[in-house]
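Here's the structure we're looking at; comments come further down.
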Amino acid sequence: MSTSNSKYPSREDLDDIRRATLEEIDSAKFGWFHIRACLVAGIGFFTDAYDLFAINLVSAILGYTYFSNMNENEVPIDIDSGLKTSAAIGTMFGQLIFGWMADRFGRKKMYGVELMIIIVATIGSALSPKNLSIDMYTIIIVWRVILGLGIGGDYPLSAIITSEFASKKRRGAMMATVFAMQGFGILASGIVSLITLLAFRSAILSNPQNLDYVWRIVIGIGTIPATIALYFRLTIPETPRFTIDVQGNVEKAAHNIQKALESGRYNEEGEIESEYRIVIQRATWKDFIHYFGQWENGKILLGTSVTWFAHDVAYYGIGLNNAIILEAIGFSKTQDAYQSLFNISVGNIVITLMGTIPGYWVTVFLIDSLGRKFIQLQGFAILTILFIIMGFGYKEIISKSIPLFIILYSLSQFFQNFGPNATTFIVPGEVFPTRYRSTGHGISAASGKLGAVISQFVFLQLKDVGGKNQFVNHLFKFFGLFTFVGFLFTFLIPETKGLSLEELSNENQKISTKSTSTNISKEINDPVLFSSSSVRKFKGWYMDDDEFSEDEK
């Protein structure tokens, strides 16, 4: 594949180079630059999950530390709601903002910014002071909103960077691997809390107020993996698809991919400029409405958004309230602060090992053979059945057979992760065109976090209706209703297994070329369709006159 800086005599030559470059990406053997992409993105998701789910133990610790004489050692409901929903609210806005910015300014420019926000917010949370004019809980909540902005940015950026570097054959496994690092992050939050409790055992037993050190350490540890990943994120190159389809620089993308296949590393070595750049429809509000206003495109965004919303209602409704479930199955709270928190930590580790991590990795190994849509459908279907069983039989099962409830609950964790928790993340990173891939993923992910926020408020406000934790059985029925809705809306999304991102973008693009040395487009031959053969018919393509920004001319 020639990548020399030459003048291309026709648009068809650029077409050939673009097609060859994309084919190189789609058919590339799994190599070091694929592994590096997974590791760099995955460490961020490890950190995200650690920070999101560590609040389980932190909330319990705050109850024993600051509310030992009231509320049965529990944080008041309004503070608990704030602690557990604040990060989700921030995440929702972060997904929308960073999703748009990654399409507007590029993946490379935004990657790492979100991690810096996470590091600063984590340190701020851990160092939240007491006895100021603003109470400590408000300060923690504010920092967790900011933390959520960074975590939210990680979703679309990591998803699309991984998908745009991946080959067709292993794209699902690569994206699932990145997402599966959440499981290790959840496990790490339990292990770190357990180790910290053991280290402070004597101090806690002598004075429970020493738990103040424990929750600060548990939160602060989250900065370590984020700091490790920061350098690699700041130095990751721009994805070849963004270079081609948004920046229009075919030769630069071809050069970078060729170097990656030869050396095993994907680097941007200087500015590779050609005489001509291709001109592809730019992302504008008018084009956004036009593209997603067509049902064949809009239904996919509707499907990815509603299924993620429906899933997160159940996932976060349970996941951020594990302590309540653990108490019901024997890892109960007592007046002994150390023993209670020890039980919660051990219980979280057990549940994560039994259901969460296995579910993630079964998805990694099977997603490219079974397909995304099948895994999502079977996951939603089984979850609906499990939640109905646990909802209608909750009190009887808890009273007569706790091991059975542990099995049912662990199965729900397994099929969330070998199911919609993974696929709702993967599919939006594949089904939209390059200029809207990050925006579409951000909208879908933000819909999920809206479900998480609503679920938290509903769970915490209703769980004690009729007595302490007496309404939990009805909440399982509520979750079952939403997983059934997710099952139905899954039929709106396409199966993405084995298809290129260009085939999945649902469009054929008319391409013209533009000289980099003049502001005048050079029309060389008749327009050509500049995409690989699409699996769907595209309707209503049009071109705008605003082809390049001033710095690109």
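Under the numbering used here, the residues of the sequence shown are numbered -6 to 546, in order. Beta carbons are placed, not taken as given, at the ideal position from N, Cα and C, and that holds for glycine.
- Task: Please classify G117: does DSSP put it in a helix, a strand, or coil?
- Result: Here the question's residue 117 lines up with position 124 in the sequence shown. Residue state, collapsed to three classes: helix.
- Just tell me which of G340, F475, P218 has its CA closest to the CA of L32. Reading the sequence shown from its first residue, position 39 is the one you call residue 32. Comparing Cα positions, the closest option is P218.
- Please classify K22: does DSSP put it in a helix, a strand, or coil? Position 29 of the sequence shown, counting from 1, holds the residue named residue 22. Of the three classes helix, strand and coil, the one that applies to K22 here is coil, per DSSP.
- Query: In its own chain, which residues sit with a C-beta less than 6 angstroms from the C-beta of T416, not counting the 5 before and 5 after it?
  - Reply: In the sequence shown, the residue the question calls residue 416 occupies position 423. R365, I368, Q369.
- Query: From S186 to P426, what distance separates their C-alpha atoms?
  - Reply: In the sequence shown, the residue the question calls residue 186 occupies position 193. In the sequence shown, the residue the question calls residue 426 occupies position 433. P426 has its alpha-carbon roughly 42 angstroms from the corresponding atom of S186.
- Query: Buried or exposed: which applies to Q409, given that a residue is buried once 16 or more other Cβ atoms fall within 10 Å of its Cβ?
  - Reply: Working through the sequence shown from its first residue, we reach residue 409 at position 416. Of the other Cβ atoms in all chains shown, 16 or more fall within 10 Å of the Cβ of Q409; this residue is therefore buried.
- Task: Starting from P69, follow the alpha helix (DSSP H) in both directions and report where the run begins and ends.
- Result: The residue you call residue 69 lines up with position 76 of the sequence shown. Taken as a continuous stretch (DSSP letters only), P69 belongs to no alpha helix (DSSP H), as it is neither H nor E.
- What is the C-beta distance between T432 and G92, in whole angstroms, given that I count them as a contact (C-beta under 8 angstroms)? Position 439 of the sequence shown, counting from 1, holds the residue named residue 432. Position 99 of the sequence shown, counting from 1, holds the residue named residue 92. Confirmed, Cβ separation roughly 5 angstroms.
- Meets three-Cβ-pair contact criterion under 8 angstroms: the region 336 to 349 and the region 381 to 391: no
- Query: Does the distance from the CB of L180 to the CB of I342 come in under 9 angstroms?
  - Reply: As a position in the sequence shown, residue 180 is number 187, starting the count at 1. As a position in the sequence shown, residue 342 is number 349, starting the count at 1. Yes, Cβ-Cβ distance for L180 and I342 is below 9 angstroms.
- For M94, which residues from the same chain have a beta carbon less than 6 angstroms from its beta carbon, with the 5 sequence-adjacent residues on both sides left out? The residue labelled residue 94 in the question sits at position 101 within the sequence shown. Hits under 6 angstroms: M103.
- Item | Whole-angstrom distance between H248 and T509, CA atom to CA atom | Counting from one through the sequence shown, the residue named residue 509 turns up at place 516. Counting from one through the sequence shown, the residue named residue 248 turns up at place 255. Any answer about T509 is weak, because its pLDDT of 49 lies below 50 and its placement is not dependable; what the coordinates show is given next. Distance between the alpha carbons of T509 and H248 is about 18 angstroms.
- Item | Burial state of R430 (16 or more Cβ within 10 Å) | Walking along the sequence shown from the start, residue 430 turns up at place 437. The residue in question, R430, is buried, as its Cβ has 16 or more Cβ neighbours within 10 Å.
- Query: Any idea if A276 is buried or exposed, counting beta-carbon neighbours within 10 angstroms, 16 or more meaning buried?
  - Reply: Along the sequence shown, one-based indexing puts residue 276 at 283. It is buried - the Cβ of A276 has at least 16 other Cβ atoms within 10 Å.
- Message: For a test of the three-state rule: what should DSSP assign to K490, helix, strand or coil?
- Response: Within the sequence shown, the letter at position 497 stands for residue 490. Note: K490 maps to coil in three-state DSSP.
- Query: For G441 versus D305, is the C-beta distance shorter than 9 angstroms?
  - Reply: For this step, residue 441 is matched to residue 448 along the sequence shown. For this step, residue 305 is matched to residue 312 along the sequence shown. Contact flag set, yes.
- Cα separation between T131 and S118? Looking up residue 131 in the sequence shown gives position 138. Looking up residue 118 in the sequence shown gives position 125. Straight-line Cα distance between these residues: approximately 10 angstroms.
- Message: Between the alpha carbons of S298 and Y402, how many angstroms are there, rounded?
- Response: As a first step, residue 298 is located in the sequence shown; it is residue number 305 there, counting from the start. As a first step, residue 402 is located in the sequence shown; it is residue number 409 there, counting from the start. Between S298 and Y402, the C-alpha separation is close to 26 angstroms.
- Query: So, do the region 240 to 247 and the region 155 to 170 have three or more beta carbon pairs nearer to each other than 8 angstroms?
  - Reply: no
- Message: Out of R428, G412, Q449, H434, which one is the CA nearest neighbour of P421?
- Response: Stepping through the sequence shown from its first residue, residue 421 is reached at position 428. Nearest of R428, G412, Q449, H434 to P421, Cα basis: H434.
- Task: Would you identify the three-state DSSP class for E516, choosing helix, strand or coil?
- Result: Here residue 516 corresponds to residue number 523 of the sequence shown, with the count starting at 1. Any reading at E516 must be qualified, since the residue scores a pLDDT of 40, below 50, and its modelled position is unreliable; the value itself is stated next. Reduced to three states, the DSSP call for E516 is coil.
- Can you find at least 3 beta carbon pairs, one from the region 332 to 342 and one from the region 436 to 452, that sit closer than 8 angstroms? The region 332 to 342 vs the region 436 to 452: no contact.
- Query: So, are the CB atoms of R164 and E488 less than 9 angstroms apart?
  - Reply: Within the sequence shown, numbered from 1, the residue matching residue 164 stands at position 171. Within the sequence shown, numbered from 1, the residue matching residue 488 stands at position 495. Contact flag unset, no.
- Mark S182 as exposed unless 16 or more other C-beta atoms lie within 10 angstroms of its C-beta, in which case mark it buried. Here residue 182 refers to the residue found at position 189 when the sequence shown is read from its first residue. Counting Cβ neighbours within 10 Å, S182 comes out buried, since at least 16 surround it.
- Task: Grab me the residues of Y43's own chain with a C-beta within less than 6 angstroms of its C-beta, minus the 5 sequence neighbours each way, in chain order.
- Result: Taking the first residue of the sequence shown as position 1, residue 43 is located at position 50. Only G178, A181, S182, G215 meet the Cβ criterion.
- How is Q240 classed by DSSP in three states: helix, strand or coil? For the purposes of this step, residue 240 is taken as residue 247 along the sequence shown, with counting starting at 1. Correct three-state label for Q240: coil.
- Item | The alpha helix (DSSP H) enclosing D329, as first and last residue numbers | Locating residue 329 in the sequence shown gives position 336, where the first residue counts as 1. In the DSSP assignment, D329 falls outside any alpha helix (DSSP H), carrying neither H nor E.
- Item | Where Y104 sits in the DSSP three-state scheme | Within the sequence shown, the letter at position 111 stands for residue 104. DSSP places Y104 in coil when its eight states are reduced to three.
- With 16 as the cutoff for other CB atoms within 10 Å, does S199 come out buried or exposed? The residue you call residue 199 lines up with position 206 of the sequence shown. With fewer than 16 other Cβ atoms within 10 Å, it is exposed.
- By a C-beta neighbour count over all protein chains shown, 10 Å radius and 16 as the cutoff for buried, is T155 buried or exposed? Taking the sequence shown and counting its residues from 1, one reaches residue 155 at position 162. It is buried - the Cβ of T155 has at least 16 other Cβ atoms within 10 Å.
- Task: Compute the beta-carbon to beta-carbon distance between L376 and A307, rounded to the nearest angstrom, for a pair I have assumed lies under 8 angstroms.
- Result: The residue you call residue 376 lines up with position 383 of the sequence shown. The residue you call residue 307 lines up with position 314 of the sequence shown. Contact holds; Cβ gap of about 7 angstroms.
- Query: What number of angstroms, rounded off, separates the C-alpha of Q274 from the C-alpha of R428?
  - Reply: Within the sequence shown, numbered from 1, the residue matching residue 274 stands at position 281. Within the sequence shown, numbered from 1, the residue matching residue 428 stands at position 435. Here the alpha carbons of R428 and Q274 stand approximately 8 angstroms from one another.
- Query: Since V138 is in the alpha helix (DSSP H), which residue starts that stretch and which ends it?
  - Reply: In the sequence shown, counting from the first residue as 1, residue 138 sits at position 145. Counting along the chain, the alpha helix (DSSP H) containing V138 begins and ends at 129 to 158.
- Out of L492, K292, K22, A166, which has the shortest C-alpha to C-alpha gap to L485? Residue numbering aside, residue 485 sits at position 492 when the sequence shown is read from its first letter. Ranking the options by Cα distance to L485, first place goes to K292.
- Item | Which listed residue (A13, G146, S74, F23) has its alpha carbon closest to that of D41 | Along the sequence shown, read from residue 1 onward, the residue named residue 41 stands at position 48. Closest option to D41, Cα to Cα, is G146.
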